[in-house]
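These protein sequences, in sequence, are chains A and B. Every letter in the first sequence is one number past the one before it in our numbering, and letter 204, counting from 1, is 204. Every letter in the second sequence is one number past the one before it in our numbering, and letter 370, counting from 1, is 370. The beta carbon of each residue, even a glycine, is placed where N, CA and C say it ideally should be. What follows is a short report on a single structure.
2 protein chains.
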Amino acid sequence: MDGELISVGTEILLGNITNTNTAFLSEMCARLGINLYYHTVVGDNEERLKETLKRACGRSQVVLVTGGLGPTEDDITKETAAVVLGCKLVEDVHTKKRIEAFFKKHSKFQDGKKIPENNWKQAMVPKGAKVIDNQNGTAPGLILEEDGTVLILLPGPPNEMKPMFEESVYPYLHKNQPEIIYSQMVKICGIGESQVEEKIKDLLRKQKNPTIAPYAKTGEVHLRITAKAKDEKEAKKMCKPIVRELKGRFGKNIYTTEENKTLEEAVVELLASQNLTLATAESCTGGMLAARIVNVPGASRILKEGFVTYSDRAKRKRLLVKKGTLAREGAVSGKTAKEMAKGGCFVSGADVCISITGIAGPDGGSKEKPVGTVFMACCYQGEVNIKEFHFSGSRSKIRECTTVSALVLLRDTLLQNFKKK
Amino acid sequence: MDGELISVGTEILLGNITNTNTAFLSEMCARLGINLYYHTVVGDNEERLKETLKRACGRSQVVLVTGGLGPTEDDITKETAAVVLGCKLVEDVHTKKRIEAFFKKHSKFQDGKKIPENNWKQAMVPKGAKVIDNQNGTAPGLILEEDGTVLILLPGPPNEMKPMFEESVYPYLHKNQPEIIYSQMVKICGIGESQVEEKIKDLLRKQKNPTIAPYAKTGEVHLRITAKAKDEKEAKKMCKPIVRELKGRFGKNIYTTEENKTLEEAVVELLASQNLTLATAESCTGGMLAARIVNVPGASRILKEGFVTYSDRAKRKRLLVKKGTLAREGAVSGKTAKEMAKGGCFVSGADVCISITGIAGPDGGSKEKPVGTVFMACCYQGEVNIKEFHFSGSRSKIRECTTVSALVLLRDTLLQNFKKK
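Set out below in structure tokens:
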């Protein structure tokens with residue numbers, strides 16, 4: 001099947017936001033075996049949107065449109081699509097009820113105000129459209145089938161669009177695929193993108209079916225193996241040897257082969273499997289690591305507590321870092337990281353504590369310790385594993401890389417110790 | 001002037017990389033007063049690229065193309081553009097010399113290998129094209145003027161494209177630009193998108209020049225006022241009355257009119273302006289609030305420390321929450337939030353402490369306290385401001401909304417108290 005993406009929104013054309021929906025949808029389409037030939041971004045302008053939709057429906061079997069479904073007057077995607085397909089807009093009672101419920105639920109947040117009139121606009125849908133409920137917002141998604149083309153309209157905000165795609169659109173498109181597409185994820189941490197690609201150059205070169213697609217995330221590389229076959233059993237069988245090969249090449253750097261498992265989930269499971277509790281002690285990341293851990297539902301099983309000790313005083317008072325250490329070695333040093341981790345274990349009574357101290361910039365760097373210098377320590381059963389990193393990029397990039405590296409260090413420390421047993 | 005962007009590269013269509021060039025170029029065009037009407041992403045396919053280039057040159061005065069200028073066979077942008085404009089490719093001696101010099105300079109990097117033959121391909125340019133030198137790579141940029149349309153070809157890698165644009169393309173386009181655009185940002189927090197729209201319906205309806213564009217962020221709404229005029233002074237003058245009008249309508253919900261100031265920055269400045277220190281006490285957000293504060297460079301001025309007290313034990317031990325309170329009211333209650341905030345101030349010695357306790361889900365909800373129930377408290381000079389929220393959506397969405405609402409509550413508490421003085 002051939003497909004294309006259309007993103008609607010003048011804010012994208014103005015460069016106010018980076019369009020992350022397309023990368024997500026492209027990956028999903030690759031996984032579904034849909035060949036994407038175009039992305040188009042068009043503003044909230046009826047003429048240009050109409051022209052773009054017409055062209056897309058004329059040349060592609062699947063057209064995915066995001067954005068322009070909001071309650072405001074410049075949200076015109078649905079109305080324009082109805083014009084292009086020549087169908088009327090009718091009120092969808094179910095959606096009207098859902099919107100009502102959505103606002104009732106948020107009444108406190110909305111200061112008990114009545115539902116703004118413009119929201120009822122969102123209950124109007126093109127006649128004959130399949131309606132997709134939106135759990136995180138008011139705008140419904142819409143599937144329109146029109147002689148040989150499927151036109152799918154989704155809201156622009158990623159937190160609304162992504163779950164709707166995964167829960168409703170993906171299964172719908174998967175069902176309509178002539179060939180079975182099976183894909184298997186291999187998630188790698190602890191080595192860089194170029195090293196990963198170097199290690200599998202040969203596999204990438206000779207790939208046909210199954211294919212291997214590398215996706216670089218911050219501090220991680222995900223490899224998606226996708227096979228096309230007449231049935232799932234066949235397709236699975238085609239992926240197996242490649243997954244085995246990759247496991248051979250990347251060993252313990254592979255933290256999961258499960259589609260939706262995150263690195264923090266893998267780490268939490270590792271801790272839970274040994275009934276170990278965790279404490280975090282963060283300086284420059286200021287809580288990002290703890291927040292990643294708490295991303296995992298039920299993290300309370302393993303997370304005793306987190307310390308955000310951004311100031312020297314807090315490092316001393318909360319984590320018992322020695323005044324002398326801070327004076328001699330500085331707050332950003334291996335010694336300080338070590339004492340933070342040891343102190344974190346002692347104070348919280350957690351089995352494991354991971355500490356972070358670094359210079360995220362843009363200021364605070366020096367010749368010996370430039371911006372991007374980060375020390376981490378992981379304390380487990382009295383032993384402390386210390387690491388030094390040198391990241392580059394913006395303050396937020398450095399803090400993101402630091403957070404992922406801390407999860408990797410924590411994972412490595414646990415794996416090493418489990419081996420010893 | 002009307003313009004559009006074309007990104008060439010199958011890797012973008014596959015979702016292997018997020019296209020960041022377009023956001024950069026869009027912003028640049030907005031600043032230049034070029035009205036961008038389309039972005040198109042197309043693969044390294046001659047037919048589809050030709051069709052896309054033809055359409056673009058037919059409808060836009062400025063066409064910016066990135067990608068597909070590399071040395072490999074599937075880099076066909078330049079060749080295809082030459083076909084579309086009906087001009088020959090000729091060797092550019094200057095570029096050939098530059099490429100030679102580039103390889104000499106990077107000989108270490110190139111292991112002293114001789115220059116790969118395919119690189120000479122990059123010295124071939126369409127006859128009559130303006131050549132833009134590339135300081136960070138081999139592919140030159142190209143400016144092609146063809147009856148009323150300017151076609152500009154730039155390399156795909158951002159570290160090559162951006163400096164070339166800033167140093168050569170921006171001045172070139174600026175010179176040809178009759179009018180300029182000035183735009184002014186107004187950032188609003190504490191009220192929802194549709195309510196904001198309701199409040200400015202009339203302004204949105206009659207807008208022409210300047211225009212008002214609303215952008216919804218999690219828990220915030222940004223309004224961009226954009227004016228076109230013959231010079232910046234004039235354009236600024238046109239924006240002024242609208243900004244004044246918006247200030248009248250949204251009052252203290254406007255936290256900044258600065259382009260790049262974030263909500264957390266505004267809050268940190270508010271604290272710093274009164275020499276106040278802050279502590280955070282987080283349960284369900286698990287450090288997200290502290291992390292947002294630490295996003296601000298130099299947050300150490302005001303952030304004493306952060307507590308991630310996800311467990312009841314930590315709430316008691318670290319923040320002195322009463323055992324009885326947790327037993328009677330539960331960890332997710334106004335009383336617990338209040339004691340967390342008071343305890344946070346007392347233990348850390350901070351002037352202000354904001355606390356968060358809630359049920360982010362997916363589990364842990366009950367009939368009385370469903371998933372999404374969040375209590376917050378802000379303690380300042382012994383007085384505690386308590387709020388209850390009911391959010392919906394995924395675990396991460398609930399935690400994001402919670403974090404923003406906490407920043408808003410903190411800001412409101414400070415503003416109220418400053419008024420009293």
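is_contact[GLN110/A, chain B] using C-beta, thresh 9 Å
With a pLDDT of 49 at GLN110/A, under the threshold of 50, the modelled position of this residue cannot be trusted; read the value that follows with caution. So, interface residue.
With 16 as the cutoff for other CB atoms within 10 Å, does ARG224/A come out buried or exposed?
ARG224/A comes out buried.
Proximity winner among PHE375/A, GLN381/A and VAL371/A, relative to GLY393/A (alpha-carbon distances)
Cα-wise, what sits closest to GLY393/A is VAL371/A.
If you follow the alpha helix (DSSP H) that ILE398/B is part of, which residue opens it and which one closes it?
For ILE398/B, the uninterrupted alpha helix (DSSP H) segment begins and ends at 395 to 420.
Here's the rule: buried if 16 or more other CB atoms are within 10 angstroms of the residue's CB, otherwise exposed. What is LYS419/A?
By the 10 Å Cβ count, LYS419/A comes out exposed.
Please determine, among VAL408/B, ILE34/B, GLU383/B and VAL374/B, the residue with the shortest C-alpha to C-alpha distance to ASN176/B.
Ranking VAL408/B, ILE34/B, GLU383/B and VAL374/B by Cα distance to ASN176/B puts ILE34/B first.
What does THR226/A touch in chain B if you count any residue whose Cβ is under 9 Å from its own?
Chain-ordered listing is empty here: chain B has no CB closer than 9 Å to the CB of THR226/A, the nearest sitting near 11 Å.
Rounded straight-line distance, which links the Cα of SER405/A to that of GLU91/A:
Using only the alpha carbons, I get a separation of about 51 Å.
Is any beta-carbon of chain B found at less than 9 Å from that of LYS304/A?
It does: the Cβ of LYS304/A has a partner Cβ on chain B nearer than 9 Å.
Is the CB-CB distance between MET340/A and THR309/A below 9 Å?
MET340/A is a Cβ neighbour of THR309/A, given a cutoff of 9 Å.
Where GLN110/B and PRO116/B are concerned, what is the direct C-alpha to C-alpha distance, given to the nearest angstrom?
Only weak support exists for where GLN110/B lies, its pLDDT of 44 falling under 50; the value from the coordinates is given anyway. Rounded to whole angstroms, GLN110/B to PRO116/B spans 10 Å at the Cα level.
Let me see if you follow: with CB-CB separation under 9 Å, is HIS174/B close to chain A or not?
So, not an interface residue.
With a threshold of 9 Å between beta-carbons, can CYS29/B be considered close to chain A, or not?
Chain A, which has a Cβ nearer than 9 Å to the Cβ of CYS29/B, makes this yes.
Beta-carbon separation of TYR37/A and ARG59/B under 9 Å?
Their beta carbons are not under 9 Å apart, which means TYR37/A does not touch ARG59/B by this criterion.
Rounded distance between the beta-carbons of GLU198/B and ASN19/A, thought under 8 Å
In this structure ASN19/A is not in contact with GLU198/B, their Cβ atoms being roughly 28 Å apart against a cut-off of 8 Å.
So THR10/B is in the alpha helix (DSSP H); what residue range does that whole segment cover?
Note, THR10/B: alpha helix (DSSP H), 10 to 13.
Candidates LEU203/B, THR336/B, LYS304/B and ASP312/B: closest to SER348/B by CA position:
For SER348/B, the closest C-alpha among the options LEU203/B, THR336/B, LYS304/B and ASP312/B is that of LYS304/B.
Assuming CYS353/A contacts ALA299/A under a Cβ cut-off of 8 Å, what Cβ separation, rounded to an integer in Å, is found between them?
Between ALA299/A and CYS353/A the Cβ distance is about 15 Å, and since that is not below 8 Å, they are no contact.
Under the three-state reduction of DSSP, which class applies to ILE99/A: helix, strand or coil?
For ILE99/A, the secondary structure class from DSSP, reduced to helix, strand or coil, is helix.
Got a sec: which bits of the stretch 179 to 209 of chain A sit with their beta carbon under 8 Å from any beta carbon on chain B, in order along the chain?
So nothing in the stretch comes that close.
Residues near PRO155/B in its chain [Cβ-Cβ closer than 8 Å; skip 5 each side]
Take PRO155/B, set aside five residues on each side of it, and the residues of its chain with a beta-carbon closer than 8 Å to its own are THR66, GLY67, LEU69, GLY70, ASN134, GLY137, ALA139, GLY141, MET161 and MET164, in chain order.
Listed by chain order, chain B residues near GLN458/A by CB distance under 7 Å:
With chain A running from 1 to 421 in the structure shown, residue 458/A is simply not present.
Cutting at 8 Å between CB atoms, please list the residues of its own chain near HIS390/B, excluding the five before and the five after it.
If we look at HIS390/B and ignore the five residues flanking it on each side, its Cβ neighbours are PRO370, GLY372, THR373 and VAL374.
Between the stretch 149 to 175 of chain B and chain A, which residues of the former have CB atoms less than 7 Å from a CB of the latter, in chain order?
For the stretch 149 to 175 of chain B, there are no residues whose beta carbon sits under 7 Å from a beta carbon of chain A.
As assigned by DSSP and simplified to three states, the class of SER392/A:
SER392/A falls in the coil class under three-state DSSP.
Measuring only the C-alpha atoms, how far is PHE250/A from ALA82/B?
ALA82/B has its alpha-carbon roughly 45 Å from the corresponding atom of PHE250/A.
For the alpha helix (DSSP H) containing ARG316/B, name the first residue and the last one.
Here the alpha helix (DSSP H) through ARG316/B covers 312 to 319.
Give a yes or no on whether the minimum CB-CB distance between ARG313/A and chain B is below 9 Å.
Answer yes: the Cβ-Cβ gap between ARG313/A and chain B drops below 9 Å somewhere.
Under the rule that 16 or more other beta-carbon atoms within 10 Å means buried, what is LYS338/B, buried or exposed?
LYS338/B is buried by the Cβ-count criterion.
Which residues in chain B have a C-beta closer than 7 Å to the C-beta of LYS105/A? List them in chain order.
Scanning chain B for C-beta atoms nearer than 7 Å to the C-beta of LYS105/A yields HIS390 and SER392, reported in chain order.
Assign ASN260/B to one of three DSSP states: helix, strand, or coil.
Note: ASN260/B maps to coil in three-state DSSP.
Considering CYS239/A, what are the terminal residues of the alpha helix (DSSP H) in which it resides?
Following the DSSP letters along the chain, one finds CYS239/A inside the alpha helix (DSSP H) bounded by residues 232 to 250.
For LYS108/B, which residues from the same chain have a beta carbon less than 7 Å from its beta carbon, with the 5 sequence-adjacent residues on both sides left out?
In this prediction, LYS108/B has a pLDDT of 45, which is less than 50 and means its spatial position is unreliable; nothing more can be read from the coordinates.
Can you grab the Cα-Cα spacing for the pair LYS342/B / LYS323/B, in whole Å?
Distance between the alpha carbons of LYS342/B and LYS323/B is about 15 Å.
Between the stretch 38 to 71 of chain B and chain A, which residues of the former have CB atoms less than 7 Å from a CB of the latter, in chain order?
Of all residues in the stretch 38 to 71 of chain B, TYR38, HIS39, THR40, VAL41, VAL42, GLY43 and ARG48 have a Cβ within less than 7 Å of some Cβ in chain A.
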